[in-house]
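Numbering (the working numbering), first residue to last: 32 to 451.
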């Protein structure tokens, strides 16, 4: 009996073979590998909700938004005091509009600061397994979107301020009397007025740059609190909305007569930029749809096309800015075109005659062409920045969704093998 039940007997060999088959079919190793991969895939890049980095991000958001809210309250108080002193009902100069704008900006700052504060205190990291509805996350998402919009506006203003520094002399020569009438007779000479404009433009540009840095830090902190993967989807949607608006703006600026014809040696340049704006608008619709529905094909298409558009926008922005810096002598012959087209672009020169009229009108045309081409170049530059951000965010979201799907396929395969 002992030999029949031993390992050398046929029955013993059958039992050992069955044991080997059971060990091979055991679900323990695959499930451990699957759970480890699942945990690594679900682990957020920003760390858990209570990590040190997330707590620092929350604290910084509270400090910055507290200061911003205090500035908003100060603006509301000062604007209200100005409205009360101006006497809105009796005012006929329109000065109350400036105080009303100050109050509106102050109320907006308070509202956005409250969004940031509540979001910093209560928002949950959605990459760490939180899937429920949270009002604080919505508030912080609205705060994040507003920060991106503000950064785009500040970048646009910063570039215009820095570009105006080089053209301040020509503006003072052409519009010095008008500027003096607006500012009042403060005893400033032409040289002092020119130096003041350059100083103010330069200072405003650096202030805009500092504000951009602060806002980008706030945007990064809010992304850290909400989770990078969750915020990436919001970034793709927001940047596609921004590029849609900027693409429409490029079309409008490119096809107005002052930009298309005045002072250009190559009339097709604005047309190319306008056509590029149309393509940006169409691609933005595809990218926004891909982020909403998490469609990997749309996200991949958006990444590739946005990268190509970024290269084209860079080249056209450089060409527009270089074309805008041309001197007055390079724009000769445009006055005759203006007179034949019927466009009255230099009404200040109507009292002059002969060569003085032509020279005066040519100066005004040169400044107008610089202004429109600079706006077109700066608009292309701003669109370029957000196109690059859009492409990078789309690429990250595409890879993230691909990793999730590959993990799900691996788990399904392991589960089917375990059942077999």
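Every residue, glycine too, gets a C-beta built ideally from N, C-alpha and C.
From the listed residues 327, 397 and 422, the smallest Cα separation to residue 437 is found for 327. With a beta-carbon spacing of about 19 angstroms, residue 179 and residue 149 fall beyond the 8 angstroms limit used to define contacts. In the displayed model, residue 154 falls within coil according to three-state DSSP, outside both helix and strand. Leaving aside the five residues that flank residue 174 on each side, the residues in its chain whose CB is nearer than 7 angstroms to its CB run, in chain order, 143, 146, 147, 150 and 253. Annotation: residue 384 is outside any alpha helix (DSSP H) and is labelled neither H nor E by DSSP. The count of Cβ pairs closer than 8 angstroms, one atom from the stretch 415-423 and one from the stretch 242-253, stays below three, leaving the stretches out of contact. Going by DSSP, residue 82 is part of no alpha helix (DSSP H) at all; its letter is neither H nor E.
Take the alpha-carbon of residue 165 and the one of residue 92: they are about 18 angstroms apart. By the criterion of at least three beta-carbon pairs nearer than 8 angstroms, the stretch 257-272 is not in contact with the stretch 395-404. Put simply, the stretch 268-282 does not touch the stretch 94-105. Fewer than three CB pairs are less than 8 angstroms apart.
Straight-line spacing of the CA atoms in residue 420 and residue 308 works out to 17 angstroms. The Cβ atoms of residue 348 and residue 439 lie no closer than 9 angstroms to each other.
A residue is called buried once 16 or more other Cβ atoms fall within 10 Å of its Cβ, and residue 324, having fewer, is exposed. Ranking 186, 152, 319 and 399 by CA distance to the CA of residue 242 puts 186 first.
In the three-state DSSP reduction, residue 313 falls in the helix class (H, G or I). Within the same chain, 106 and 110 come within 6 angstroms of residue 133 by CB-CB distance, once the 5 residues on both sides are set aside. Between the alpha carbons of residue 240 and residue 446 lies a gap of roughly 54 angstroms. Secondary structure of residue 439 (DSSP, three-state): helix. Taking the Cα positions, residue 299 is about 18 angstroms away from residue 280. Per DSSP, residue 333 is one residue of the alpha helix (DSSP H) stretching across 327-355. The three-state reading of DSSP puts residue 165 in coil, since its state is none of H, G, I, E or B. Remark: C-beta atoms of residue 353 and residue 191 do not approach each other more closely than 9 angstroms. In the displayed model, residue 103 falls within a helix according to three-state DSSP.
The beta carbon of residue 287 is closer than 8 angstroms to those of 403 in its chain, skipping five residues each way along the sequence. Around residue 193, the same chain offers 236 as residues with beta carbons nearer than 7 angstroms, after the five sequence neighbours per side are excluded. Rounded to the nearest whole angstrom, the CA to CA distance from residue 339 to residue 222 is 46 angstroms. Under the DSSP assignment, residue 272 falls in the alpha helix (DSSP H) whose first and last residues are 259-286.
The DSSP-derived three-state label of residue 451 is coil. Beyond the five residues adjoining it in sequence on each side, residue 321 comes within less than 6 angstroms, by CB distance, of 329, 330 and 333 in the same chain, given in chain order. For residue 89, same chain residues with a beta-carbon under 8 angstroms away, outside a window of 5 residues either side, are 151, 152, 252 and 256 in chain order. The residues 314, in chain order, have a CB closer than 6 angstroms to that of residue 336 in the same chain once the five nearest residues on each side in sequence are set aside. Excluding residues up to 5 positions away in sequence, nothing lies with its Cβ nearer than 6 angstroms to the Cβ of residue 450 in the same chain. Residue 233 and residue 140 have their C-alpha atoms roughly 25 angstroms apart. With fewer than 16 other beta carbons inside 10 angstroms of its own, residue 97 counts as exposed.
Residues of the same chain with their beta carbon placed closer than 6 angstroms to that of residue 86 are lacking, with the five preceding and five following residues left out of the count.
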